[in-house]
Structure formats: structure tokens, C-alpha cells
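K.L.:
Sending over a structure as C-alpha cells; questions will come in a sec.
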Ligand code: AMP
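Numbering (the working numbering), first residue to last: 102 to 314.
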């Protein structure tokens, strides 16, 4: 099964894609995570990508497309995969199409103010990458991860100015993909408002209604 999770930054794509990945035993391919790993490892690719990420802009297609092409060629992707954060523009969508048809695009919808509130309060563990929210799921001890005790930090691109820029980038470059996949009849919209469990249930119902699970 080949799935795409599409939606604005902060809609919960990462959370839901990770959950689905566990439930369906499919690898999650998260381009944002892959890029952050390149940046923290100080690779050439990371150095090139960093400036765009810090400003809330899309990393150039040649970098990202090659990264995804390479990743989906691994053996663990033979039975399918879940794309989280890719495609983000029309050129990426066309490349993906050339790699084979997708079964479903899950469109997680959320509005700008909601996204800003979610992302600005988000904190991640430096050690194990667990994610918290200062208001919605605060850690037990201030600034420390419940799971491993690691230090929590705010992603540089989760500061309000950058979040608004990311949202603008999303609206201009990524949102047109909603119509694109709608026209192919492989898009299902799921409301991104609600608890993690509620949203996850809606996604599973959608997969069931499409006969995918
Ligand atoms: P994310 O964690 O998915 O919000 O991605 C963080 C940042 O990585 C984005 O704001 C972009 O700068 C970059 N990025 C992630 N995925 C892509 C993609 N498919 N195309 C271009 N840039 C991307």
C-alpha cells in the first residue's frame, strides 16, 4: 500500500503517519526528518538545505527528489510506504507519479491560526525526538523528556514568523495538490482538528471505506 499524508505544517502529519506506520507495518518516509538528520550530521546536502528550512521555504526539488527516489528503492519499501511531507509541489507530484501509482492521499486539513498555536508550543527531545506541546501535552518536568530525560528544544522553524512563512509556502506550492489528487479520485480529506486518537480513527475508517485495510 502506498500512501501520502498531505496537509499544512502542524496538521499532525508526522504524528498520524508514524502511528499508521506502526499499525500497518509500512515504513514512514518523512522528508523533513531526513533533511534534519542531514543538517545535524553536517553533510553537504544538509548545509545546502539548512538555509531554506530556516526560512520556511521549500528545499530545491533536485535535492529532495533524489533523496526520495533513493529511499523508496530500498527493500523495506517493496510492500509499500507512507510518505509524510512529500510531495510538496507539482514537480514532486509528477516525479512520484513516475515511480508508480499511489493508493490514497490522506489530506489532513487545519487552518493557519490553529497551526500557529500547535507549532509555536511544540517542543522536541534532542535525544529521542519525542514530541511535546507546552499546552496540549506538556512534559512532567519542565524542559525534560518524560521518556529519556533528554533536553527539550524548539525547532528553529517552529518560531512564529517562520511558521507563518511555512504556512504561506504551503498555501502557494502544496495546496494545489489537493485539486490534483482530487481529480484523480485518490484523495480523502480528514479533519485535522481533534485528539490524536479521533483523527487516527477517522483515517482508519477512510482506509476501510476504500478497501485498503
Ligand atoms: P517538515 O518537517 O515536513 O515540516 O519539513 C521541514 C522543512 O523541510 C520544510 O519547511 C522544508 O524546508 C523542508 N522540506 C521537507 N520536505 C520537503 C519537500 N518535500 N520539498 C521541499 N522541502 C521540504
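Think of the CB as a built atom: it goes at the ideal place given N, C-alpha and C, for glycine as much as any other residue.
Which ranges would you report for the beta strand (DSSP E) in the segment 177-257 if only whole runs of at least 3 residues count?
P.N.:
Taking only runs of at least 3 residues, the beta strand (DSSP E) segments lying wholly in the segment 177-257 are 182-185, 205-210, 223-226, 232-234.
K.L.:
Is the separation between the beta-carbon of residue 109 and that of residue 211 shorter than 8 Å?
P.N.:
For this step, residue 109 is matched to residue 8 along the chain shown. For this step, residue 211 is matched to residue 110 along the chain shown. The answer is yes: Cβ separation under 8 Å.
K.L.:
So, at 6 Å on beta carbons, what are the nonlocal neighbours of residue 172 in its own chain, with the 5 sequence-adjacent residues on each side left out?
P.N.:
Reading the chain shown from its first residue, position 71 is the one you call residue 172. Taken in chain order, the residues that qualify are 130.
K.L.:
Considering only C-alpha positions, which residue in the set 263, 289, 174 is nearest to residue 208?
P.N.:
Reading the chain shown from its first residue, position 107 is the one you call residue 208. Selected option, being the one with the closest Cα: 289.
K.L.:
What does the alpha-carbon distance come out to for the pair residue 267 and residue 111?
P.N.:
Residue numbering aside, residue 267 sits at position 166 when the chain shown is read from its first letter. Residue numbering aside, residue 111 sits at position 10 when the chain shown is read from its first letter. Each residue's Cα considered, the two are about 10 Å apart.
K.L.:
With distances taken from CA atoms, which of 248, 224, 228 is nearest residue 237?
P.N.:
Position 136 of the chain shown holds residue 237. Residue 224 is the option with its Cα nearest to residue 237.
K.L.:
Quick check: what's the CA-CA separation for residue 226 versus residue 181?
P.N.:
As a first step, residue 226 is located in the chain shown; it is residue number 125 there, counting from the start. As a first step, residue 181 is located in the chain shown; it is residue number 80 there, counting from the start. The straight-line gap from Cα to Cα measures roughly 29 Å.
K.L.:
Residue 152 to residue 312, Cα distance in whole Å?
P.N.:
For the purposes of this step, residue 152 is taken as residue 51 along the chain shown, with counting starting at 1. For the purposes of this step, residue 312 is taken as residue 211 along the chain shown, with counting starting at 1. Computed Cα separation, rounded: 42 Å.
K.L.:
Starting from residue 71, follow the alpha helix (DSSP H) in both directions and report where the run begins and ends.
P.N.:
Any property of residue 71 remains undetermined from this structure, which presents the chain solely from 102 to 314.
K.L.:
Under 7 Å Cβ to Cβ from residue 293, same chain only, skipping five residues before and after it: list those, please.
P.N.:
Position 192 of the chain shown, counted from the first residue, corresponds to residue 293. Answer for residue 293: 108, 112, 113, 209, 210, 211, 300, listed in chain order.
K.L.:
In terms of residues, what are the limits of the alpha helix (DSSP H) holding residue 264?
P.N.:
Taking the first residue of the chain shown as 1, we reach residue 264 at position 163. Element bounds for residue 264: 261-270.
K.L.:
Taking DSSP as the reference, what is the three-state secondary structure of residue 146?
P.N.:
For the purposes of this step, residue 146 is taken as residue 45 along the chain shown, with counting starting at 1. Helix at residue 146.
K.L.:
Do the segment 120-135 and the segment 239-253 touch if we need at least three Cβ pairs shorter than 8 Å?
P.N.:
No: the two stretches stay apart, fewer than three of their Cβ pairs being nearer than 8 Å.
K.L.:
Could you tell me the distance, in whole angstroms, from the CA atom of residue 342 to the CA atom of residue 193?
P.N.:
An answer regarding residue 342 cannot be provided, because it is not within the stretch 102 to 314 covered by the chain.
K.L.:
Roughly how many angstroms lie between the CA atoms of residue 298 and residue 158, to the nearest whole one?
P.N.:
Your numbering for residue 298 matches position 197 in the chain shown. Your numbering for residue 158 matches position 57 in the chain shown. Each residue's alpha carbon lies about 31 Å from the other.
K.L.:
What would DSSP say about residue 173, mapped onto helix, strand or coil?
P.N.:
Taking the chain shown and counting its residues from 1, one reaches residue 173 at position 72. Three-state DSSP puts residue 173 in a helix.
K.L.:
With a threshold of 7 Å, establish whether the CB of residue 237 neighbours any heavy atom of the ligand AMP.
P.N.:
Residue mapping note: residue 237 aligns to position 136 of the chain shown, counting from 1. Incorrect: residue 237 has no Cβ contact closer than 7 Å to the ligand AMP.
K.L.:
Name the one or two DSSP bridge partners that residue 288 has.
P.N.:
Counted from its first residue, the chain shown places residue 288 at position 187. DSSP lists 206 as partners of residue 288.
K.L.:
Should residue 355 be counted as a contact of the ligand AMP given a C-beta to heavy atom distance under 7 Å?
P.N.:
Because the chain in this structure spans residues 102 to 314, residue 355 falls outside the shown range and cannot be described.
K.L.:
Helix, strand or coil for residue 138? Go by DSSP, reduced to three states.
P.N.:
Position 37 of the chain shown, counting from 1, holds the residue named residue 138. Looking at residue 138 - three-state DSSP - the assignment turns out to be helix.
K.L.:
Could you tell me whether the Cβ atoms of residue 187 and residue 169 are closer together than 8 Å?
P.N.:
In the chain shown, residue 187 corresponds to position 86, counting from 1. In the chain shown, residue 169 corresponds to position 68, counting from 1. The answer is yes: Cβ separation under 8 Å.
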